[in-house]
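Protein chains in written order, with the numbering used here: chain H, 1 to 115; chain R, 116 to 228.
Comments concern the structure below.
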């Protein structure tokens, strides 16, 4: 069975601070994919990134960066110089070759960025 | 524009009154699914469909039905809603395969009183 753990339920930071959201996963698939989605207060789910299990290169997109470490089964997400607009719930998710297109989600981390 | 459209966005209903939440996608995707989101539980899959007339249970299927008569539409049916089905529901659409990004509808916030 697949499992995604986001141990941080809620994080509060002050604007311009860096923040890292943790994601730990479990799967028996040798080929799998990891995702991050953002859910702003308006409620929709916004796709942020997809990473496959064979690509452990870190990725940076503007203020966002992702650190994938297969050895620790983690796919952490860092926001540099956070802004109030980053306030949202962030979900980490996993899909595997054994479960086709099904996404297994973590329980989410609520990020609150204040002035 | 690639889109998954859910209706309604908000719904308040009474226990036992049958309801349908519609979902439609314009990307010709084979795979469609329904998730429910509850506080502290994240999103959990209710049902999924890999193609027309092919549906199967997800992790939390009790109390729900689905149908897939056309590729673009995947309605979620609650035959006899109960208060424990009060939740935020998302329809998702994707190409078949674990590597593909899922496109989500805007969500339907359902309250059963």
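Heads up, the beta-carbon is just placed ideally off N, CA and C, and yes, glycines get one too.
Test: residue i CB closer than 8 angstroms to a CB of chain H
i	result
residue 225 of chain R	no
residue 146 of chain R	yes
residue 189 of chain R	no
residue 211 of chain R	yes
Status (buried if at least 16 other CB within 10 Å, exposed otherwise) for residue i
i	result
residue 123 of chain R	exposed
residue 115 of chain H	exposed
residue 20 of chain H	exposed
residue 30 of chain H	exposed
Alpha-carbon spacing of residue i relative to residue j, whole angstroms
i	j	result
residue 191 of chain R	residue 17 of chain H	42 angstroms
residue 120 of chain R	residue 15 of chain H	34 angstroms
residue 109 of chain H	residue 91 of chain H	7 angstroms
residue 202 of chain R	residue 126 of chain R	10 angstroms
residue 136 of chain R	residue 181 of chain R	10 angstroms
residue 101 of chain H	residue 81 of chain H	34 angstroms
residue 164 of chain R	residue 204 of chain R	16 angstroms
residue 22 of chain H	residue 155 of chain R	16 angstroms
Test: residue i CB closer than 8 angstroms to a CB of chain R
i	result
residue 101 of chain H	yes
residue 52 of chain H	yes
residue 107 of chain H	yes
residue 68 of chain H	no
residue 25 of chain H	no
Sequence-distant residues of its chain with Cβ nearer than 8 angstroms to residue i (five each side left out)
i	result
residue 50 of chain H	33, 34, 35
residue 39 of chain H	45, 46, 88, 89, 90, 91, 108
Residues near residue i by beta carbon distance below 7 angstroms, same chain, minus five either side
i	result
residue 172 of chain R	162
Nonlocal neighbours in the same chain, by C-beta distance under 6 angstroms from residue i, ignoring five residues either side
i	result
residue 117 of chain H	Past the edges of chain H, shown from 1 to 115, lies residue 117 of chain H, and the structure says nothing about it.
residue 144 of chain R	208, 209, 210
residue 224 of chain R	125, 203
Expected contact under 8 angstroms - CB spacing of residue i and residue j to nearest Å
i	j	result
residue 118 of chain R	residue 140 of chain R	7 angstroms
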